[in-house]
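In order, the protein sequences belong to chains B and U. So the first sequence is residues 1 to 231, counted in the working numbering. So the second sequence is residues 232 to 462, counted in the working numbering. Ideal Cβ positions, reconstructed from N, Cα and C, are used throughout, including at glycine. The model shown is predicted, which means the values in this text are computed figures rather than measured ones.
There are 2 protein chains.
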Amino acid sequence: MDTADWQIVRSTPLFGALSRDTAERLVEGQGARVCDKGVMLFEQGAPAEFFYVVLAGWVKVFRVATDGQETVVHVFRQGETFAEAVIFMGGRYPVSAETATTCRLVRISGKRLRDCIRDEPEVALSMLASTSRHLKVLVEQIEQMNRMSAPQRLADFLVQLHPRSDGPCTIELPFEKSLIANRLGMKPESLSRALAKLRPFGVSVLRDAVTIEELGRLQQFVATEVEDGVG
Amino acid sequence: MDTADWQIVRSTPLFGALSRDTAERLVEGQGARVCDKGVMLFEQGAPAEFFYVVLAGWVKVFRVATDGQETVVHVFRQGETFAEAVIFMGGRYPVSAETATTCRLVRISGKRLRDCIRDEPEVALSMLASTSRHLKVLVEQIEQMNRMSAPQRLADFLVQLHPRSDGPCTIELPFEKSLIANRLGMKPESLSRALAKLRPFGVSVLRDAVTIEELGRLQQFVATEVEDGVG
DNA sequence: CGCGGCGTTGATCTCTGTCAATACTTGTGG
DNA sequence: CCACAAGTATTGACAGAGATCAACGCCGCG
């Protein structure tokens, strides 16, 4: 784990608020691992032993129904931790996790986390902050699925991908469209059509490159009530 | 707060694992409050000062969009705590909470909770367990909304309401149908129709009383793949 | 060159939301 | 005790969004 990696770790809500010593103790001896795309990190129902920090790449976290149908709950990116809360639940992962792209990850054992908390209660506070954030994300996701149409959810997703808030930009889609579709609660066919519906709002697509003429216009579309049609 | 109340408090994941002393210290001096139906406990965006334990009744927790549209995230019941994780987030409630029925509640200040954690780190572990549980509930909710049809979600809701797992039963709907509808991510009209579609599966409704001929049959319907029609 | 995975497009169907009209409940005041 | 009003639930007709099924195009790879 080099300096850049370490900086990413320190940028997470979990590690950011900890003292340097404590943070170092948590990741001590855990080298960064590089995973190919499509590697299962853990499976729903398996004993929850580890949690993860994403240094690079994207990790999809999803639930599998009895009939095999997958529901993507979230796709984690650089600077995010995941599965850390699970360590304190029932001992089993309630979701599965798989790398959606080639990834650079740090894996930390739950035992070490628990030990750390016992020795330094401040760690628990960081954990709580981090977990609360995840809660909020999920709540927002539920709201989004209820209120917004497929094109709106897609537009929101695109806007979120880009740090800047207005002007034109070109975005490289970070992972497969079918995964984006699932993450947004729709089928791949609907994603295609949603992209088409965004064309009038200055969005054009070529392969994985999405060009947005004016981010502000897209944001406005996201905020649009259902009142007026999409065209 | 009488003995029965205290037992309910101790039945929550948050208080259950704590020592008697610590648990008592947390709720010390906080009498049970009785609220009418329709009382706002806190509003989205307000500074997060308190969290709650439900001793009796039901509390709806929801998000309000800029256009006023409400999305019910969860409806909490006896023996559940809510908003405890929020205390550690950004200082503001990300959701609103309102009593859905007449309620008996305990309100506990975040400051006291933080003090307790500082003095007794074990509290943090209970908090994490409790928060993780909430996370899991939300994840399951997202999955449910993606995978299941309106009638299936309703059937699942009914089954969850009843402790027993099979045989016949009659359930009193715990709160308004319009709230159930929102909680299940549908409109009241759809709820009516969903109830009608469950009739062939041995479900009949009179006022607020839902009679189920055979719980097992309903559960089976919930698990049913989309393959065969609803009839 | 042909194969396989992924994405797009088109036709169709189903479910749910919307709008509107009608019951049913409850509470109020005469 | 009844009449009326307000809130809540049901029902019907209709429209639109998204799912499904199927066909095709695109691209990378052996």
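1. Which chain U residues are close to Q152/B, counting only those with a beta carbon under 8 Å from its beta carbon?
2. According to DSSP, which residues form a beta bridge with P47/B?
3. Which bits of chain U does K136/B rub up against, with CB to CB less than 8 Å?
4. From the DSSP output, which residues share a beta bridge with R264/U?
5. Given that a residue counts as buried once 16 or more other Cβ atoms are within 10 Å of its Cβ, and exposed if not, what is Q141/B?
6. I'd like to know if G110/B contacts chain U, where contact means its C-beta is closer than 9 Å to some C-beta of that chain.
7. Assuming the contact rule is C-beta atoms closer than 8 Å, S396/U and L446/U should be a hit. Round their C-beta distance to whole Å, please.
8. How many whole angstroms separate the CB atoms of K268/U and L410/U, which I take to be in contact at a CB cut-off of 8 Å?
9. Measure from the alpha carbon of S192/B to the alpha carbon of each residue in R183/B, P200/B, V205/B, F201/B, then state which is nearest.
10. Taking A155/B as the query, report the chain U residues whose CB atoms sit under 8 Å from its CB, ordered along the chain.
11. Do you know offhand how far G231/B's Cα is from T71/B's?
12. If you scan the segment 166 to 220 of chain B from start to end, which runs of the alpha helix (DSSP H) of 4 or more residues do you find wholly inside it?
13. Have a look at E407/U, G398/U, R414/U and flag the residue whose alpha-carbon is nearest the alpha-carbon of D439/U.
14. According to DSSP, is H74/B part of a helix, a strand, or is it coil?
15. What residues from the segment 335 to 365 of chain U come within 8 Å of chain B, judged by C-beta to C-beta, listed N to C?
16. Under a three-way DSSP split, which group does A100/B fall into?
17. Flag this pair as yes or no: are the beta carbons of F62/B and Y93/B separated by less than 9 Å?
18. Checking contacts by CB at 9 Å: is V461/U closer than that to chain B?
19. Does the pairing of the segment 92 to 109 of chain B with the segment 125 to 139 of chain B give three or more beta-carbon distances under 8 Å?
20. Can you list, in chain order, the residues of its chain whose CB lies under 7 Å from that of Q44/B, leaving out five sequence neighbours each side?
21. Can you tell which of L14/B, P151/B, T170/B, R183/B has the C-alpha that lies nearest to the C-alpha of F82/B?
22. I want to see whether chain U comes within less than 9 Å of T211/B, judged by CB atoms only; does it?
23. What do you get for D387/U, buried or exposed, if any count of 16 or more other CB atoms within 10 angstroms of its CB means buried?
24. Would the beta-carbon of V304/U fall within 9 Å of that of F282/U?
25. Around the Cβ of I428/U, are there at least 16 other Cβ atoms within 10 angstroms (buried) or fewer (exposed)?
26. Using a Cβ-Cβ cut-off of 9 Å, state whether V205/B counts as contacting chain U.
27. Looking at chain U, is there any beta carbon in it that lies within less than 9 Å of the beta carbon of M40/B?
28. Run through DSSP, which three-state label would V39/B get?
29. Using a beta-carbon distance below 9 Å, is E143/B in contact with chain U?
30. Which residues of the segment 61 to 82 of chain B have a Cβ closer than 8 Å to any Cβ of chain U? Give them in chain order.
31. Look up A223/B in the DSSP assignment and say whether it is helix, strand or coil.
32. What number of angstroms, rounded off, separates the C-alpha of V457/U from the C-alpha of P405/U?
33. Counting only beta-carbon atoms, is E140/B nearer than 9 Å to chain U?
34. May I ask you to report which of helix, strand or coil DSSP gives L55/B?
35. Is there a Cβ of chain B sitting closer than 9 Å to that of G276/U, yes or no?
36. List the residues of chain B that R378/U touches, going by C-beta distances under 7 Å, in chain order.
Walking through what the data contain:
1. Along the first sequence, one-based indexing puts residue 152/B at 152. Within 8 Å Cβ-Cβ: nothing; Q152/B doesn't reach chain U, min ~12 Å.
2. For the purposes of this step, residue 47/B is taken as the residue at position 47 of the first sequence. Answer is R92/B, bridged to P47/B.
3. On the first sequence, position 136 is the one that residue 136/B refers to. Going along chain U in sequence order, the residues near K136/B (Cβ under 8 Å) are M320, P325.
4. The residue given as residue 264/U occupies position 33 in the second sequence. DSSP output for R264/U lists L336/U as bridge partner(s).
5. Position 141 of the first sequence, counting from 1, holds the residue named residue 141/B. Buried.
6. Indexing the first sequence from 1 puts residue 110/B at position 110. Not closer than 9 Å to any Cβ of chain U, the Cβ of G110/B fails to qualify, so no.
7. Within the second sequence, numbered from 1, the residue matching residue 396/U stands at position 165. Within the second sequence, numbered from 1, the residue matching residue 446/U stands at position 215. That belief holds up - the Cβ atoms of S396/U and L446/U are roughly 6 Å apart, short of 8 Å.
8. By one-based count along the second sequence, residue 268/U stands at place 37. By one-based count along the second sequence, residue 410/U stands at place 179. Not confirmed; about 11 Å, so no contact.
9. Within the first sequence, the letter at position 192 stands for residue 192/B. Residue nearest to S192/B within the set R183/B, P200/B, V205/B, F201/B is V205/B (criterion: CA-CA distance).
10. Start at 1 with the first residue of the first sequence, and residue 155/B comes out as number 155. The contact set of A155/B on chain U, defined by CB atoms closer than 8 Å, is empty, because the minimum CB distance reaches about 16 Å.
11. For the purposes of this step, residue 231/B is identified with residue 231 of the first sequence, where counting begins at 1. For the purposes of this step, residue 71/B is identified with residue 71 of the first sequence, where counting begins at 1. Per-residue confidence for G231/B stands at a pLDDT of 34, beneath the threshold of 50, marking its modelled position as unreliable; no derived number is given.
12. Look at the segment 166 to 220 of chain B and you find these whole runs of alpha helix (DSSP H), each 4 residues long or longer: 177 to 183, 188 to 197.
13. Position 208 of the second sequence holds residue 439/U. Of the listed residues, the one whose Cα sits closest to D439/U is E407/U.
14. Indexing the first sequence from 1 puts residue 74/B at position 74. Looking at H74/B - three-state DSSP - the assignment turns out to be strand.
15. I348, R349, P352, A355, L356, M358, L359, A360, T362, S363, R364, H365
16. Here residue 100/B is taken as the residue at index 100 of the first sequence, counted from 1. Of the three classes helix, strand and coil, the one that applies to A100/B here is coil, per DSSP.
17. Counting from one through the first sequence, the residue named residue 62/B turns up at place 62. Counting from one through the first sequence, the residue named residue 93/B turns up at place 93. When the beta-carbon positions are compared, F62/B and Y93/B stay at least 9 Å from each other.
18. To locate residue 461/U, count along the second sequence from 1; it is residue 230. Any reading at V461/U needs caution, since the residue's pLDDT is 36, under 50, leaving its predicted position unreliable; the model's value is listed next. With 9 Å as the cut-off, V461/U does not count as an interface residue toward chain B.
19. no
20. For the purposes of this step, residue 44/B is identified with residue 44 of the first sequence, where counting begins at 1. Beyond the five residues adjoining it in sequence on each side, Q44/B comes within less than 7 Å, by CB distance, of R63, V64, Y93, P94, V95, S96 in the same chain, given in chain order.
21. Indexing the first sequence from 1 puts residue 82/B at position 82. The option with the nearest alpha carbon to F82/B is L14/B.
22. Residue 211/B sits at position 211 when you count from the first residue of the first sequence. Taking Cβ atoms only, chain U never reaches closer than 9 Å to T211/B, which makes this a no.
23. Sequence index remark: in the second sequence, residue 387/U carries index 156 (1-based). Its Cβ being crowded by 16 or more others within 10 Å, D387/U is buried.
24. For the purposes of this step, residue 304/U is taken as the residue at position 73 of the second sequence. For the purposes of this step, residue 282/U is taken as the residue at position 51 of the second sequence. Not a contact, by the Cβ cut-off of 9 Å.
25. For the purposes of this step, residue 428/U is taken as the residue at position 197 of the second sequence. The amino acid at residue 428/U is misidentified as Ile; the sequence shows Lys. Buried, since its Cβ has 16 or more Cβ neighbours within 10 Å.
26. The sequence position of residue 205/B within the first sequence is 205, counting from 1. It does not; no Cβ of chain U falls within 9 Å.
27. Within the first sequence, residue 40/B is the residue found at index 40, counting from 1. No - not a single Cβ of chain U is within 9 Å of the one on M40/B.
28. Translated into the one-based positions of the first sequence, residue 39/B becomes position 39. Coil, per DSSP.
29. To locate residue 143/B, count along the first sequence from 1; it is residue 143. Closer than 9 Å: yes.
30. R63, A65, T66, D67, Q69, T71, V73
31. As a first step, residue 223/B is located in the first sequence; it is residue number 223 there, counting from the start. Three-state DSSP puts A223/B in a helix.
32. On the second sequence, position 226 is the one that residue 457/U refers to. On the second sequence, position 174 is the one that residue 405/U refers to. Because V457/U sits at a pLDDT of 48, beneath the cut-off of 50, its placement in the model cannot be relied upon, and the following sentence gives the value as read from the coordinates. Roughly 29 Å separates the two Cα atoms.
33. Stepping through the first sequence from its first residue, residue 140/B is reached at position 140. By this cut-off, E140/B is an interface position.
34. Within the first sequence, the letter at position 55 stands for residue 55/B. Note: L55/B maps to strand in three-state DSSP.
35. On the second sequence, residue 276/U is found 45 positions in, with the first residue counted as 1. No, because no Cβ of chain B sits closer than 9 Å to the Cβ of G276/U.
36. In the second sequence, counting from the first residue as 1, residue 378/U sits at position 147. Taking the beta carbon of R378/U as reference, the chain B residues within 7 Å of it are A65, Q69, T71, listed in sequence order.
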